[in-house]
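Notes follow the structure.
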Amino acid sequence: MNTSLYDLTLAELDAMMRAWNQPAFRARQVYRHIYSNYTDTPTAMTDLPLALRERLAAETSMGSLRLTRVQTADDGQTRKALFALPDGAVVETVLMIYPDRSTVCVSTQAGCAMGCVFCATAKLGLLRNLSSGEIVEQVLWASRELRKRPGAAGARLSNIVFMGMGEPFANYERWWSAVERLHDPQGFNLGARGMTVSTVGLAQGIRRLAAESLPINLAISLHAPDDALRSAMMPVNKRYPLAELMDATRFYMMETNRRVSFEYVLMQGQNDSPQQALALAQLLRGFGHGKNAGLPLNLCHVNLIPWNPVPGTPLGRSERQRVLAFQQVLHEQAIPCTVRVERGVEIAAACGQLAGSSTITLNPA
Ligand code: SAH
345 MNTSLYDLTL AELDAMMRAW NQPAFRARQV YRHIYSNYTD TPTAMTDLPL ALRERLAAET
405 SMGSLRLTRV QTADDGQTRK ALFALPDGAV VETVLMIYPD RSTVCVSTQA GCAMGCVFCA
465 TAKLGLLRNL SSGEIVEQVL WASRELRKRP GAAGARLSNI VFMGMGEPFA NYERWWSAVE
525 RLHDPQGFNL GARGMTVSTV GLAQGIRRLA AESLPINLAI SLHAPDDALR SAMMPVNKRY
585 PLAELMDATR FYMMETNRRV SFEYVLMQGQ NDSPQQALAL AQLLRGFGHG KNAGLPLNLC
645 HVNLIPWNPV PGTPLGRSER QRVLAFQQVL HEQAIPCTVR VERGVEIAAA CGQLAGSSTI
705 TLNPA
């Protein structure tokens, strides 16, 4: 398959243009088309010489994600894209438009290997890693979508969250290369604070992120206050138990002095009792957990997420009362905490519902 222009750094594009005997400014011109104008075909790069446009069209591609469907909810303010990959896998991306900002939720893998029992993507298993270009492409789709709306000619995406399908830290290099191009002032030019990565808790990825130069935000999927329950819900906990996860998180906080969000999906009767809320507070504070020295609470934020239904699981969403009672305990324990507002539940575009289900048969018998 032809090289995807979305996979190239500016330096790589520059090397290609030089090899094609193009003037020095050419790479930037093409890069600007991709990342500032959101141009999706060389044909539309009309300030390039015709011969170059033709050569780009013949010898490169602009991506491998084929848009198969867009579903909308919340009055068109939530838009889910389904993309087909050449090998048949499906990837989903969700754009959420708010009065004062807009966020795109991006996938980093097709499917996922982590096996969390409450998550729709887990049912697919890992199909494959996405390339950096395939990650970038999703953001550019959202940017075009945003700009298409009436009166939104200059509108720009304000947030990118790597919370779609897959585990970003299991595809670290490609994911990070996408982050760099999305941040690059000559590229997509989004500030690092506008980006958030969510991890299932791969400790070495958390440590690695602490050493990166771009201060993007970190969210950690916690979901349970003790090892027995967390291992039952998230098999990854057997490899990186809570003590190790807390160690890596403390390291991250000490290195960066940045706040970390802890995601906690509430499931009725599983992880949502007041006792479990107290255990969560104690985990973060560091009481009663052996060597766990606790975390600086001013850098902790708990994000409570009502579980979104995934067909074929015996789990249920916590009742509102239980969510509020859980939050109350955390407040009493002085743990900063908010309840996430859901978007796109009815089009299966909410947290943990992305599974390409309209095209892929889950667990074909
Ligand atoms: N692999 C990464 C990012 C993808 S999932 C991670 O685990 O963090 C993004 C968030 O959605 C995670 O916190 C995940 O646990 C949560 N999630 C998964 N299934 C969910 C569901 N059915 N309802 C609500 N949140 C869910």
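Residue numbering for the sequence shown follows this note's numbering, beginning at 345 and increasing consecutively.
Where a beta carbon is used, it is the ideal one built from N, C-alpha and C, also for glycine.
Query                                                                                                                                                                  : Result
Since Arg603 sits in a beta bridge, which residues does DSSP pair it with?                                                                                             : Partner(s): none; Arg603 has no beta bridge.
For a test of your reading of the model: does the CB of Thr465 fall under 8 Å from any non-hydrogen atom of ligand 1? Yes or no.                                       : yes
Thinking just about the alpha-carbon of each residue, which of Met345, Phe506 and Arg518 is nearest to the one in Ala402?                                              : Met345
Pull up the distance between the alpha-carbon of Arg602 and that of Ala587, whole angstroms please.                                                                    : 20 Å
Which ranges would you report for the beta strand (DSSP E) in the stretch 431-461 if only whole runs of at least 3 residues count?                                     : 434-441, 446-449 and 453-455
Can you have a look at Asp616 and say buried or exposed, based on whether 16 or more other CB atoms are within 10 angstroms of its CB?                                 : buried
Taking the alpha-carbon positions, what's the Tyr442 to Val414 distance?                                                                                               : 18 Å
I want to check one thing, is the minimum distance from the CB of Asn601 to the heavy atoms of ligand 1 below 8 Å?                                                     : no
With Asn503 and Arg423 assumed to form a contact (beta carbons below 8 Å), what rounded beta-carbon distance in angstroms separates them?                              : The Cβ separation is near 15 Å, so there is no contact.
So is Met360 in contact with chain D if we call contact Cβ pairs under 9 Å?                                                                                            : No chain D is part of this structure, which consists of one protein chain only.
May I have the straight-line CA-CA distance separating Met440 from Glu489, to the nearest angstrom?                                                                    : 11 Å
What number of angstroms, rounded off, separates the C-alpha of Met578 from the C-alpha of Gln665?                                                                     : 25 Å
Thinking C-alpha only, which one of Asp571, Val435, Ala568 and Trp519 is nearest Glu556?                                                                               : Trp519
What distance in whole Å lies between the Cβ atoms of Val450 and Gly538, which are believed to be in contact at a cut-off of 8 Å?                                      : Between Val450 and Gly538 the Cβ distance is about 13 Å, and since that is not below 8 Å, they are no contact.
For Glu481, collect the residues of the same chain with a Cβ closer than 6 Å to its Cβ; drop the 5 residues on either side in sequence, then sort them by chain order. : Tyr350, Gly407 and Leu409
Pick helix, strand or coil for Asn365, following the three-state DSSP scheme.                                                                                          : coil
If you follow the beta strand (DSSP E) that Phe427 is part of, which residue opens it and which one closes it?                                                         : Thr422 to Ala428
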